[in-house]
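Q:
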Amino acid sequence: MVNEKIVVGEGTEYPLHGMLTLPDDTAEKVPAVVFVHGSGPSNMNEQIYQLTPFKDLAEGLAARGIASVRYDKRTFAYAAKMKNTLITVKEETIDDALLAAELLRRDMRIDPDAVYIVGHSMGAMLAPRIDAEGGRFRGLILMAGTPFRLEDIVVRQLRQSGRSGHGLMRAIARLEDKLFSKKFDGLYELSDEEAKKKKFAGAATLYYFKEMGQKTAADYLLENDTPALILQGGMDFQVLPSEDYARFRELLKDRPNVEYRLYDDLNHIFVKGIYNNILKASKEYKVEQHIGAEVIDDIAAFIRGTLTESVKPE
Numbered sequence: 306m307v308n309e310k311i312v313v314g315e316g317t318e319y320p321l322h323g324m325l326t327l328p329d330d331t332a333e334k335v336p337a338v339v340f341v342h343g344s345g346p347s348n349m350n351e352q353i354y355q356l357t358p359f360k361d362l363a364e365g366l367a368a369r370g371i372a373s374v375r376y377d378k379r380t381f382a383y384a385a386k387m388k389n390t391l392i393t394v395k396e397e398t399i400d401d402a403l404l405a406a407e408l409l410r411r412d413m414r415i416d417p418d419a420v421y422i423v424g425h426s427m428g429a430m431l432a433p434r435i436d437a438e439g440g441r442f443r444g445l446i447l448m449a450g451t452p453f454r455l456e457d458i459v460v461r462q463l464r465q466s467g468r469s470g471h472g473l474m475r476a477i478a479r480l481e482d483k484l485f486s487k488k489f490d491g492l493y494e495l496s497d498e499e500a501k502k503k504k505f506a507g508a509a510t511l512y513y514f515k516e517m518g519q520k521t522a523a524d525y526l527l528e529n530d531t532p533a534l535i536l537q538g539g540m541d542f543q544v545l546p547s548e549d550y551a552r553f554r555e556l557l558k559d560r561p562n563v564e565y566r567l568y569d570d571l572n573h574i575f576v577k578g579i580y581n582n583i584l585k586a587s588k589e590y591k592v593e594q595h596i597g598a599e600v601i602d603d604i605a606a607f608i609r610g611t612l613t614e615s616v617k618p619e
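Residues 306 to 619 (our numbering) are what the sequence shown spells out, left to right.
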């Protein structure tokens, strides 16, 4: 395995430090993946307390002959600069993922027709859109994604917290649920300018949700036939196998080239689940663990399987 420091978006307003991880043998051009983060600011390893999912995946895929690029998220690298800036997922995530894909295609060691996207959590929600907006990926790997809108997930997680908590915590979660649910009422009837003026929390406006929610991951997937792999942890308490994963399977049942993997004992980060309780997320993620071989093997097998198919047209 070889790690090379790179810059995604070099020469732009937001250059991002990153890492290109290569297999030891690049005598022949190799396939590669772009990693796309979940919600919130995150470094190139997508570090969450003691967990480093993108680093785990990059190293594991390199050992299986697949290169990858990972990079600091724009809102992590430029938190102060973007603090009071009106952004959408385009500026936060999509533009940089497209730049990362092109960086891979320009590398002489990478097969330009074998570039894939691995989106985790919110990155999985956006991966099909990134593909549609110029990604031209050979395949899409969605880890802990959802076919529902972001606001639906926010409200559902608050309700989960209300059910799981005790005393004051339960009361606070229920109050927040009511407040946020009310904010989203009539969201898609608002004009863009009205949505931009209405605050959600902190610097985020309702326009962030409205712009992203025009089409879901499932909507994009139903519009093309790019091969897709949908992965879900059975002990994920942030997106749920009984709702999100099941809904993907229902919506995409007639859609070709979709594969599914459910790992009964893994959580949202695809390491072993411990508490299965959203209120204990930080406690669970503070236990050092690493993504196991089964998940990485399944991703590598999906990539190898699609390489026998015809090249995706421009």
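We put the beta carbon where it would ideally sit given N, CA and C, even for glycine.
For M474 and S466, what's the separation of their Cα atoms in angstroms?
A: In this prediction, M474 scores a pLDDT of 49, lower than 50, which makes its location untrustworthy; no coordinate-derived value is stated.
Q: For L391, count the other beta carbons within 10 Å of its own beta carbon; 16 or more makes it buried, fewer makes it exposed. Which is it?
A: The residue is exposed, with fewer than 16 neighbouring Cβ atoms inside 10 Å.
Q: Starting from the Cα of S486, find the closest Cα among L463, K503 and E397 and give me that residue.
A: Among L463, K503 and E397, the Cα nearest to that of S486 is on L463.
Q: Do you know how far the Cα of P433 is from the Cα of V420?
A: Cα to Cα, V420 sits roughly 14 Å from P433.
Q: When you compare the CB positions of G365 and V335, do they come within less than 9 Å of one another, or not?
A: No, they are not a contact pair.
Q: Below 9 Å between beta carbons: does that hold for F514 and L545?
A: Going by C-beta atoms, F514 is not nearer than 9 Å to L545.
Q: Under the rule that 16 or more other beta-carbon atoms within 10 Å means buried, what is T531, buried or exposed?
A: Under this definition T531 is a buried residue.
Q: Starting from T380, trace the alpha helix (DSSP H) both ways and give me its first and last residue.
A: T380 -> alpha helix (DSSP H) spans R379 to A382.
Q: So the alpha helix (DSSP H) K588 belongs to, where does it begin and stop?
A: Element bounds for K588: A586 to Y590.
Q: Per DSSP, I535 is paired with what?
A: DSSP lists L447 and Y565 as partners of I535.
Q: Grouping DSSP H, G and I as helix and E and B as strand, with all else coil, what is I674?
A: Outside the shown range of the chain (306 to 619) lies residue 674, about which nothing can therefore be said.
Q: Helix, strand or coil for G424, going by three-state DSSP, please let me know.
A: Looking at G424 - three-state DSSP - the assignment turns out to be strand.
Q: Taking the alpha-carbon positions, what's the L556 to V459 distance?
A: Each residue's Cα considered, the two are about 21 Å apart.
Q: How is I574 classed by DSSP in three states: helix, strand or coil?
A: If DSSP states are grouped into helix, strand and coil, I574 belongs with coil.
Q: For V576 versus L362, is the C-beta distance shorter than 9 Å?
A: It is not a contact, given that the beta carbons lie outside the stated cut-off.
Q: Looking at the strands, I want to know which residues DSSP matches up with L356.
A: In DSSP, L356 forms a bridge with I353.
Q: Using the Cα positions of A337 and I604, report the straight-line distance between them to the nearest angstrom.
A: Cα to Cα, A337 sits roughly 12 Å from I604.
Q: Taking 9 Å as the cut-off, decide whether the C-beta atoms of M349 and M324 are in contact.
A: Closer than 9 Å, so yes.
Q: Can you look up V600 in the DSSP assignment and give me helix, strand or coil?
A: Here V600 sits in helix by DSSP.
Q: Answer yes or no: the CB of K585 versus the heavy atoms of the ligand SAM, is any distance below 8 Å?
A: Ligands are entirely absent from the displayed structure, and the ligand SAM is therefore not among its contents.
Q: So, is E619 buried or exposed, given that buried needs 16 or more other C-beta atoms within 10 angstroms?
A: Since pLDDT at E619 reaches only 49, below the 50 mark, its modelled position is unreliable, and the value read off the structure follows with that caveat. Exposed.
Q: Taking buried to mean at least 16 other C-beta atoms within 10 Å of its own C-beta, is T398 buried or exposed?
A: It is buried - the Cβ of T398 has at least 16 other Cβ atoms within 10 Å.
Q: In chain order, what residues of the same chain have a beta carbon less than 6 Å from the beta carbon of F359, not counting five sequence neighbours either side?
A: Cβ within range, chain order: F340, N350, E351 and R375.
Q: Let me know the secondary structure DSSP gives M474 once reduced to three states.
A: Its pLDDT being 49, under 50, M474 is placed unreliably in this model, and the coordinates cannot settle the point.
Q: Apart from the five residues just before and just after I477, which ones in its own chain have a Cβ nearer than 6 Å to its Cβ?
A: With a pLDDT of only 49 at I477, under 50, the local geometry of the prediction cannot be trusted, and the value read off the model is given with reservation. Nothing meets the Cβ criterion.
Q: Suppose contacts are defined by Cβ-Cβ distances below 9 Å. Is Y565 in contact with L534 by that definition?
A: The answer is yes: Cβ separation under 9 Å.
Q: Leaving out the 5 sequence neighbours to the left and right, which residues in its chain are closer than 7 Å to V312 when beta-carbon positions are compared?
A: Answer for V312: P320, L321, H322 and G323, listed in chain order.
Q: For A509, count neighbouring C-beta atoms within 10 Å of its own C-beta (all shown protein chains included) and say buried if the count is 16 or more, exposed if not.
A: So A509 ends up on the exposed side.
Q: Quick one, which of A405, K502, N572 and K386 has its alpha-carbon nearest H595's?
A: Out of A405, K502, N572 and K386, N572 has the C-alpha closest to the C-alpha of H595.
Q: Residues in its own chain within less than 6 Å of E516 by CB, not counting five upstream and five downstream?
A: If we look at E516 and ignore the five residues flanking it on each side, its Cβ neighbours are T393.
Q: Report buried or exposed for P452, applying the criterion of at least 16 other Cβ atoms within 10 angstroms of its Cβ.
A: Burial call: buried.
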